[in-house]
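Shown next, in structure tokens, is the structure this report addresses.
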Ligand SMILES: [Zn+2]
């Protein structure tokens, strides 16, 4: 199977410059590789990451990815061209997506966002949470940096309780004034059951050596480290507070320990 343009030499060399400084190259294709009207075909696991995974770093299964569970193709977006790496995680049974811009393999300090799925915020631009804004800001940051990885984690609705339960918690928030923590607890549900193992496994598969994690949540840093990924730095991802999301942001700061210094002027007691 033919490797993508420009990738074969770099990857076949198997980390030719291990000490090279972090430098992303935004690959912009001058032509559309597909004829008009053609649909993109996934390359299965014959893509560049798979090739690298079979090299010095061991087999794909060693890296947490079975052969049939990964497919990747270019994904042209309004922000630029990403490498879309879809993968099925055998542990949680979910299908997730990593969007890769530039080179990630054997790189230190790769800008990474682990984004938990939020259908209402990400797709429908709901304003009661800041998820959609964080998703957009993360992609912007990766483009501005010239490279990075966004891992879109499905099955993470409502910090893992699911979409129906999340919407049910919204009722308690709207009608009883409970915050995001108490509304989940009142439903007999856990506050946060998200598993970041799939993100760690795809980062390992991609060959990322260390990350700069776009997040306000210290728990994400420790979770990623517990799965063997080196987090060199946490990069704040601060979304301005609005009348709609202020209560949610304050609960994240005051109940969940998120680092949100820009809320200093807001009074959590009245939130
Ligand atoms: Zn959300």
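In this note's numbering, the protein residues as written are 352 to 622. Glycine included, each C-beta is placed from N, C-alpha and C at the ideal position. Remember, it's a predicted structure, so these values are computed and weren't measured experimentally.
Non-local C-beta neighbours of residue 490 in its own chain, meaning closer than 7 Å and more than five positions away in sequence, comprise 430 and 501, ordered along the chain.
When 589, 553 and 528 are compared, the shortest CA-CA separation from residue 580 is found for 553.
A distance below 7 Å separates the beta carbons of residue 478 and residue 595. Residue 609 counts as buried, since at least 16 other C-beta atoms from the protein chains shown sit within 10 angstroms of its C-beta. Excluding five sequence positions before and after residue 543, the CB atoms of its chain that fall closer than 8 Å to its own CB belong to 510, 511, 570 and 607, given in chain order. Beta-bridge pairing by DSSP links residue 423 to 436.
Residue 528 has its CB no nearer than 6 Å to any heavy atom of ligand 1.
The residue among 517, 417 and 462 with its C-alpha nearest the C-alpha of residue 587 is 462. Every residue whose Cβ sits closer than 5 Å to any heavy atom of ligand 1 is listed here in chain order: 469, 472, 480 and 482. Residue 466 places its beta carbon 7 Å or farther from that of residue 450. Counting along the chain, the unbroken beta strand (DSSP E) around residue 561 starts and ends at 561 to 565.
Under DSSP, residue 503 forms a beta bridge with 448 and 466. A direct Cα-Cα distance of roughly 20 Å separates residue 496 from residue 550. Across the structure, residue 420 and residue 505 are spaced so that their CA atoms are roughly 15 Å apart.
The continuous stretches of beta strand (DSSP E) do not include residue 474, and DSSP gives it neither H nor E. Rounded to the nearest angstrom, the Cβ distance from residue 558 to residue 457 is 6 Å, consistent with a contact under 8 Å. In this structure, the CA atom of residue 476 is about 33 Å from the CA atom of residue 459. Residue 585 places its beta carbon less than 7 Å from that of residue 564. Only residues of its own chain outside the window of five on either side were considered, and among them 506, 546 and 549 have a CB closer than 7 Å to the CB of residue 443, listed in chain order. Classified as exposed, residue 428 has fewer than 16 neighbouring CB atoms from the shown chains inside 10 Å of its CB. DSSP, read as helix, strand or coil, puts residue 429 in coil. Rounded to the nearest whole angstrom, the C-alpha separation of residue 582 and residue 455 is 14 Å.
Beta-bridge partners assigned by DSSP to residue 584: 563. Of the candidates 566, 524 and 513, 513 places its Cα closest to the Cα of residue 540.
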